[in-house]
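Novice: Please find one structure pasted underneath; my questions will follow.
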Amino acid sequence: MKILKKLTAVIISLVTVFAMFPIAKITASAYSYTGLSEIGNKILLESSAKPIPWTDSLVAYEFKINGEIGYCIDPNTPAQKTEGKTVEFTDFFGETGKEVIKLDPNSNNENEKALIAALNTFYGVAYGDYFSSFEVNGKSAKSILDKYINNSLYEPLFAKIDKEFGSKANEKKYYILSHYALSQLEHQMLGDPTSEWKAWYGDTDTIINELADFAHSIAKSSRNWSVIKKRSESSNFYICQPKPSDGTYCQHLIVRIPKKAKLYLKKSGTSEEIKNLTEQTTDKDYLNFAGAQYTLYSDDNKAVAVAELDKNGNIAKIKYSYSNQDWITKNYFELGSGQYYLKETKAPANGYFALSDKKYNVTVTTDDCNNERILDILQLSDTEIVKLKFKKESSNPDLTTDNDCYSLDGGMFAVFANKKSAYDYLADNSVKNNIVRYFITDSNGDCKAISKDGNSWDYNANSELYKIAYSDSYYAVEMAAPKGFKSYNRPVQMTINGTNGGFVVLSATIADEPMNDPIRILVQKKDAITGQTTNMSGAEFTVKYYNGYYYSESELAGKSPERKWVLKTTERGNTYLSDSNRAESDFGEPFYYVPNSNDPTLPLGTITIQETKAPTGYKINPELFIRQIKVDEVTGSITTFNEIEVPEPRDTVYGNLTIYKTADDSKRGANTAKDVWFNVKSDDGVTDENIVTKSKGIDGAATLSNLPVYKASGEYVKYIITELGYKNADGTYSVPDRYIPPAKKTVTLKENVTLSFYFANRLQKTGLIVQKESEDGIVSGFYFSVKSDDGKTNKVLVTGEDGTAHLTNLAVYNTSNEKVKYTIDELGFKNADGTYYFPAKYVKPAAQTVTLEDGKSFVVTMKNLLKRGSVELLKTDGNGNPLEGIEFELYNTKTGIVNVINKNSSIMYEAADSKTADTVTKLVTDSDGRIIVNNLLPGDYYFLETNSKGNMPYAGKINFTISPDSLDRLDIQLTVKNNSVFIPETGGTGNNRPIYIEIGAAVLAFTILVGAIGLGIRKKKKNIGKKAQQ
-17 MKILKKLTAV
-7 IISLVTVFAM
3 FPIAKITASA
13 YSYTGLSEIG
23 NKILLESSAK
33 PIPWTDSLVA
43 YEFKINGEIG
53 YCIDPNTPAQ
63 KTEGKTVEFT
73 DFFGETGKEV
83 IKLDPNSNNE
93 NEKALIAALN
103 TFYGVAYGDY
113 FSSFEVNGKS
123 AKSILDKYIN
133 NSLYEPLFAK
143 IDKEFGSKAN
153 EKKYYILSHY
163 ALSQLEHQML
173 GDPTSEWKAW
183 YGDTDTIINE
193 LADFAHSIAK
203 SSRNWSVIKK
213 RSESSNFYIC
223 QPKPSDGTYC
233 QHLIVRIPKK
243 AKLYLKKSGT
253 SEEIKNLTEQ
263 TTDKDYLNFA
273 GAQYTLYSDD
283 NKAVAVAELD
293 KNGNIAKIKY
303 SYSNQDWITK
313 NYFELGSGQY
323 YLKETKAPAN
333 GYFALSDKKY
343 NVTVTTDDCN
353 NERILDILQL
363 SDTEIVKLKF
373 KKESSNPDLT
383 TDNDCYSLDG
393 GMFAVFANKK
403 SAYDYLADNS
413 VKNNIVRYFI
423 TDSNGDCKAI
433 SKDGNSWDYN
443 ANSELYKIAY
453 SDSYYAVEMA
463 APKGFKSYNR
473 PVQMTINGTN
483 GGFVVLSATI
493 ADEPMNDPIR
503 ILVQKKDAIT
513 GQTTNMSGAE
523 FTVKYYNGYY
533 YSESELAGKS
543 PERKWVLKTT
553 ERGNTYLSDS
563 NRAESDFGEP
573 FYYVPNSNDP
583 TLPLGTITIQ
593 ETKAPTGYKI
603 NPELFIRQIK
613 VDEVTGSITT
623 FNEIEVPEPR
633 DTVYGNLTIY
643 KTADDSKRGA
653 NTAKDVWFNV
663 KSDDGVTDEN
673 IVTKSKGIDG
683 AATLSNLPVY
693 KASGEYVKYI
703 ITELGYKNAD
713 GTYSVPDRYI
723 PPAKKTVTLK
733 ENVTLSFYFA
743 NRLQKTGLIV
753 QKESEDGIVS
763 GFYFSVKSDD
773 GKTNKVLVTG
783 EDGTAHLTNL
793 AVYNTSNEKV
803 KYTIDELGFK
813 NADGTYYFPA
823 KYVKPAAQTV
833 TLEDGKSFVV
843 TMKNLLKRGS
853 VELLKTDGNG
863 NPLEGIEFEL
873 YNTKTGIVNV
883 INKNSSIMYE
893 AADSKTADTV
903 TKLVTDSDGR
913 IIVNNLLPGD
923 YYFLETNSKG
933 NMPYAGKINF
943 TISPDSLDRL
953 DIQLTVKNNS
963 VFIPETGGTG
973 NNRPIYIEIG
983 AAVLAFTILV
993 GAIGLGIRKK
1003 KKNIGKKAQQ
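In my numbering, the protein residues as written are -17 to 1012.
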């Protein structure tokens, strides 16, 4: 306890003595003085909130100076504590310009070098782990302190620290012992004239002396000092003594601050046009950037410092992260090496700039820091806040001024952020991307309401919504045109247009075209009776325009028209807005015109037209025609009137005509004579009218009245009546194909008499001829049936000597205007009982279905083909074995040798024509001894054996008959054995007596099959080639 009591006494006396130590007595030799500007005219001091307990009641604090670990000389002085807060000191002891001591690593003063060495190797300030790794004679600052800290003799000295900080107690011991050692080295460097400080540390004197000697040993060693000197090139070392405003005493502060690069900022606006405009005005707020703040972040997104700019866009002051929200008067950032980025976090205070979201990247190298290099000035820009202004105008004030049918009030417009979005909306009104503002116009075309979303509207003329960040890519688009105007279908770019209230104005003007009606023809004059428009020149009409909507003469009473004209009619009886149509009595007032053209038009409103002079030979029509030109609220299009037809009464002689229509297929319930259209046209061009028949029984009738009988010359008017037919869905006309096209009629009329003219629709009819042909030449007496698919025809015809049968008056079309189909079927010959039979010898021809053509008799040819038969010959030897290669010829008893077509080795067909190519007359047996010949006409035939190939020949004819009247197969077998041939009797029964012919040792057998090829007799091959039994 003796050592602890001694320590307590020493520390108390230390505080007392040091508090009385005047700064004026401190002198220096190698170090230099610098002014306050180098440290930003202030220091920010922060002590730990929790003190490090020392002996008895004394405590010491940890310190940070401008964010770096620093030390207070003799740290246990109570006046230094800030309780964890950052306290700013702007006053310092010392002469002006000599308030701060700056240590010089190039100094030759051992005490200064020792202090610098300590600031590089003692706890808390060394780069990396120099505290533990930098050794002199095998010792580091840490190992020196550990020797004492771990010595039980010193346990009482550190007992309170151990109790208070537990596992972190050693760090506090390192810090406070480094403090005392630095204090001793500082006293040595400053050449403290007293020697009392040497005894101030009492029982810690041994520890502090050894630590101070460690620093001196570095200073004395050129090798060790070169390492420290090299390391010190990246730092600055300062000693200063703050002067608190409350008059309390502060110790000297000593700190090692790494060298840093300097970064200056310069801010401007984005638009040169706005800048130039501002410089031309007395209001310079767009050149004032005061209050703008930029925050500097490290690459791990931690805030490092905040800079606030002055009016010129330069840094006015800086607030570092360690500054406890206090500003330092510096016009640049001090940055250690690393990656940073800068962002604006507060716009200039004048409200004329928008907060920028742009990020500026900054890179600082170690070399930049070691040389305390001034980096390139970072050029910043802000987007100006401008005021939006919109103006709506009429592109044709002549039409719209003082006209209640038009109003600029209620137009709706949108401002898009870019041109593409504006065009996307015009292409599809549902696409509303990037709209930044909406406007509604008042009656003067100015904005009366503004909105950001098109739903919530602000009617305050000074609304903040009119302010917006400047862009040269804003486009205004009309979304809804005001009353009476066409919507403008192109985007308009917003451009700078002067200033208003200090703000630059970004404006657009859209001039809408007033809706109007460029009427081609106002009036069409026509004959009241005939409707003709010719010979109507010389009529005059007074036309008046009113700029409102009126519907009756009483509403117009007392109202003066805006403009009025007198127009005359042309030869065709019409008139329109044109200088060439002005009458001599015209008022001479100008027309309204379509913008950018010479085409007259009429604005929205009301127009009246009244005849004031009739053409020659006619009376004035006194009717006042009142018409409105307005906008359809649903479609948005102009609702106007068609040309006004003015009927003109005249005196003349009239007659009437009735068209009486009949049709062959008209009947009750299906009147085909009604709804038939006719055109009636006069040769003088006055009448040209279509009329339609109405039902009159099963016929139709249409009447046209009040037709002039005479021309002006006194001649009869000729009327040409043309049947048009039925009216189609598309408005055209057509006469059904089933009728014979009707002919036109030219007629004249009689005074006050109705004349009737008949038009009959005759069905198209024609004839049918059946032409009979037969292979055996029999063509008369054949019966045929003729039936139509509509059931109206069911006839039986019979052919005459020439083989023809005729049927007349057959309809070509049915009532549905489709062609009638006729089916002709052959019945055969007629029995006595009235039934029909078809001869078995013929192949019955298929029925034929045909359609007919008007005026052409259709010929249907029906040909009877005779049925065909077949024969099979089998050649064997005496033992019944088939003989191959034996040659025969086949003859018809009437026509001679038979030409055949050889289909394969044994089956042949009689050629229909002896001139047919590839025919043969030589018939040869196949490997089965067979010869088969098909397609033989009925008749008598015989075989002749022409080459026996060394076998016994048969010298005679082998006769057989193909019977045309047999419907069954007839098998005839021929067997030659023992000089005899067996031939069954021919006939139709198939049960015949055999006939033998002697032929020596050879036996000839053959089979004759007779039948109709058309009936497929050859399908049963098992009956072909059977041997005859002996």
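Heads up, the beta-carbon is just placed ideally off N, CA and C, and yes, glycines get one too.
1) Counting only the same chain and skipping the five closest in sequence on each side, list residues whose C-beta sits under 6 angstroms from that of K154.
2) Nearest to L549 by CA position, among Y533, Q506, N191 and A822, is which residue?
3) Hey, how far is the Cα of W547 from the Cα of T524?
4) Would DSSP call R355 helix, strand or coil?
5) In whole angstroms, give me the CA-to-CA distance for G436 and K301.
6) Among residues of its own chain, excluding the 5 on either side of P531, which ones have a beta-carbon nearer than 8 angstroms to its beta-carbon?
7) With DSSP as the reference, label N917 as helix, strand or coil.
8) Taking just the CA atoms, how far does A462 sit from P585?
9) Can you give me the start and stop residues for the alpha helix (DSSP H) that T188 sits inside?
10) Could you check the C-alpha separation between M372 and A336 for me, to the nearest Å?
11) Along the chain, where does the alpha helix (DSSP H) containing T68 start, and where does it finish?
12) So, at 6 angstroms on beta carbons, what are the nonlocal neighbours of G788 in its own chain, with the 5 sequence-adjacent residues on each side left out?
13) Within 10 angstroms of the Cβ of Q262, are there 16 or more other Cβ atoms? Answer buried if so, exposed if not.
14) DSSP puts L779 in a beta bridge; with which residues?
15) For the stretch 362 to 440, list the beta strand (DSSP E) runs that are entirely contained and at least 3 residues long, ordered along the chain.
16) Can you give the beta carbon distance from G785 to S770, rounded, assuming they're within the 8 angstroms contact cut?
17) Can you find the residues in the same chain that come closer than 6 angstroms, C-beta to C-beta, to H234, ignoring five residues on each side of it along the sequence?
18) Need the endpoints of the beta strand (DSSP E) that I589 sits in, please.
19) Less than 8 angstroms between the CB atoms is what I'm expecting for Y268 and G251, so what's the real figure, rounded?
20) Assuming the contact rule is C-beta atoms closer than 8 angstroms, I1013 and Y452 should be a hit. Round their C-beta distance to whole Å, please.
21) To which residues of the same chain is Y304 closer than 6 angstroms at the C-beta, ignoring the five residues directly before and after it?
22) Are the beta-carbon atoms of I940 and F925 separated by less than 8 angstroms?
23) So the alpha helix (DSSP H) T260 belongs to, where does it begin and stop?
24) Just to confirm the assignment: which complete beta strand (DSSP E) runs, minimum length 3, are found wholly within the stretch 447 to 490?
25) Is the stretch 833 to 848 touching the stretch 739 to 749 in the sense that three or more CB pairs, one from each, lie closer than 8 angstroms?
26) Quick one: Cα of N864 to Cα of E927, how far?
27) Could you compute how far the alpha carbon of L127 sits from the alpha carbon of H169?
28) Between the Cα of E326 and the Cα atoms of T345, L317, G318 and Q361, which residue gives the shortest distance?
29) In whole angstroms, what is the alpha-carbon distance linking V118 and E92?
30) Check R912 in the structure and name its three-state DSSP category.
31) Please report the Cβ distance between D719 and N653, rounded to the nearest whole angstrom; I am assuming they are in contact, meaning their Cβ atoms lie under 8 angstroms.
32) Taking the alpha carbon of K121 as the reference point, which residue from T877, E192, A493 and D384 has its own alpha carbon closest?
33) What do you reckon, are the CB atoms on Y105 and F116 nearer than 8 angstroms?
34) Which of helix, strand or coil does DSSP assign to P240?
35) Could you work out which residue in T551, N206, L27 and D292 is closest to K63 when comparing CA atoms only?
36) Quick test of your reading: K449 and K526, contact by CB under 8 angstroms. State the CB separation rounded to the nearest angstrom.
Specialist: Considering the structure as presented:
1) I34, I143 and F147
2) Considering only alpha carbons, the answer is Q506.
3) 6 angstroms
4) coil
5) 43 angstroms
6) The sequence shown places Tyr at residue 531, rather than the Pro named in the question. Once the five neighbours on either side are set aside, the close Cβ partners of Y531 are C387, G587, T588, Q610 and K612.
7) strand
8) 20 angstroms
9) D187 to K202
10) Checking the sequence, you will find Phe at residue 372 rather than Met. Cα to Cα, F372 sits roughly 21 angstroms from A336.
11) T68 -> not in any alpha helix (DSSP H); beta strand (DSSP E) instead, spanning T68 to F71.
12) What sits at residue 788 in the sequence shown is His, not Gly. If we look at H788 and ignore the five residues flanking it on each side, its Cβ neighbours are I751.
13) exposed
14) Bridge pairing for L779: F766 [DSSP].
15) The stretch 362 to 440 contains these whole beta strand (DSSP E) runs: 394 to 398, 417 to 423 and 429 to 433.
16) Actually they do not touch by this definition, with Cβ atoms about 24 angstroms apart.
17) I55, I221 and Q223
18) G587 to K595
19) That pair is a contact at about 6 angstroms.
20) The structure shown does not extend to residue 1013, since the chain is modelled only from -17 through 1012, so no value can be given for it.
21) G49
22) yes
23) E254 to E261
24) 449 to 451, 457 to 462 and 477 to 482
25) yes
26) The question names Asn, yet the displayed sequence has Pro at residue 864. A direct Cα-to-Cα measurement between P864 and E927 gives close to 15 angstroms.
27) Taking the Cα positions, L127 is about 21 angstroms away from H169.
28) Q361
29) 16 angstroms
30) strand
31) D719 to N653, Cβ: 19 angstroms. No contact.
32) E192
33) No. Outside cutoff.
34) strand
35) L27
36) Their Cβ separation, rounded to whole angstroms, is 50 angstroms, which puts K449 and K526 out of contact at 8 angstroms.
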